[in-house]
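Under our numbering, the first residue of the sequence shown is numbered 47, with each subsequent residue one higher. Backbone N, C-alpha and C define an ideal beta-carbon position, used for all residues, glycine too. Values in this document were obtained by computation on a predicted structure and should not be read as measured data.
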Amino acid sequence: MGDDTVMEGGVGDIEGGQLDDGELRSIDLATLSGVLRVCDVELLLLDGNGPKAAFSSRVHDEALFCSITCGFHCRGRFMLPPDWAMLGFVHATDEVQSWCHGVPMVAGMSFTVLPEGISEFTLSAGTQITVMLLPVARVQRKLTELSLRSTPPAGQALSLVQLPVDSQALANHYLQLHAQLGQGAALQPEETDRLLHEHIQALLAAGPGDRPGFTRARRTHYLIAQRAENFMRLNLRRNIYMNEIC
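Written as structure tokens, this is what we have:
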């Protein structure tokens, strides 16, 4: 990757951590998926708002930074390449409608995704997130540097952490980054290393109470919906294949 390659779409000014909804623009889902250029992404609209969003991305120091404001309710899934990881932060969302693998997503939550399998999510309209994609080797080196281990404490590919009050420095860093990306401002040369260090520090400092869970009923509902969706996806592909043969 080269440095400071910029991609923008429907980006407005951020004041007080909020993006003006008037700056959301209609885009096609292929373009929105293309923001995360190293990911294989699928998106499905769940409301009648149409695909409206504001986003900006920048390649800097072997990392891809993205700020996204989603103007529609959507269901999606993505898979990281085997040598990439994703770190991010949720600035705003509807915790009733938004989740990742059935676990509610709330404002003030950081997430760490390692390249193992498919990640599934649902985002409400108005969700604002900032993410950084970077080589997983850099994440593993930082984990080893700070904890003498190369995997997150929970040992899972997905780690969701509700940041405690004493970790607001990381939240403020992500908010500042969200604004910089939206305004097209230049990033500091050490931005990737600084954000990686602060993110992993917060991840390692999180206790059991900082890691969200879900009820048995919600887990059951998620698994049923997942099976139904997989069944529909499988049969849709089979029908398309049969039509192509005929």
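- The alpha-carbon of N276 is positioned some 10 Å away from that of I270.
- In the structure shown, T266 falls within a helical segment according to DSSP collapsed to helix, strand and coil.
- The three-state reading of DSSP puts L209 in coil, since its state is none of H, G, I, E or B.
- Every unbroken stretch of the alpha helix (DSSP H) spanning 4 or more residues and falling wholly within the region 167-249 is given here in chain order: 182-193 and 214-229.
- Annotated as distal: E244 and L280, with beta-carbon spacing of 9 Å or more.
- Rounded to the nearest angstrom, the Cβ distance from L221 to H147 is 25 Å, too far for a contact under 8 Å.
- Rounded to whole angstroms, the separation of the alpha carbons of T173 and A231 is 22 Å.
- Contact between the region 245-257 and the region 118-125 is absent, with fewer than three C-beta pairs closer than 8 Å.
- Here F118 has L91, D93, N95, G96, P97, K98 and A171 as same chain residues with Cβ atoms under 7 Å from its own Cβ, once five neighbours each way along the sequence are excluded.
- Under the criterion of beta carbons closer than 8 Å, L180 and T238 qualify as touching, at roughly 6 Å.
- By the neighbour-count criterion, in which 16 or more other beta carbons inside 10 Å mark a residue as buried, L133 falls on the buried side.
- For I73, no beta strand (DSSP E) segment is defined, and its DSSP state is neither H nor E.
- A contact is defined here as three or more CB-CB pairs under 8 Å, and the region 155-164 meets this definition with respect to the region 198-209.
- Closest option to D86, judged by alpha-carbon separation, among W130, F111 and S102: W130.
- From the listed residues L227, T190, M278 and H219, the smallest Cα separation to L250 is found for T190.
- CA-to-CA, the gap between D74 and S144 works out to about 21 Å.
- In the three-state scheme derived from DSSP, where H, G and I count as helix and E and B as strand, F157 is classed as strand.
- It is roughly 19 Å from the alpha-carbon of N218 to the alpha-carbon of F101.
- Comparing alpha-carbon positions, the option among Q226, L169 and G163 lying closest to V149 turns out to be L169.
- G163 and A76 have their C-alpha atoms roughly 22 Å apart.
- Your pair L223 and L242 does not check out as a contact, with CB atoms roughly 12 Å apart and the cut at 8 Å.
- Annotation for H106: the continuous beta strand (DSSP E) segment containing it runs K98 to H106.
- Distance from the Cα of G253 is smallest, within the candidate group P198, L227, V177 and P235, for P198.
- Under the DSSP assignment, A109 falls in the beta strand (DSSP E) whose first and last residues are A109 to C116.
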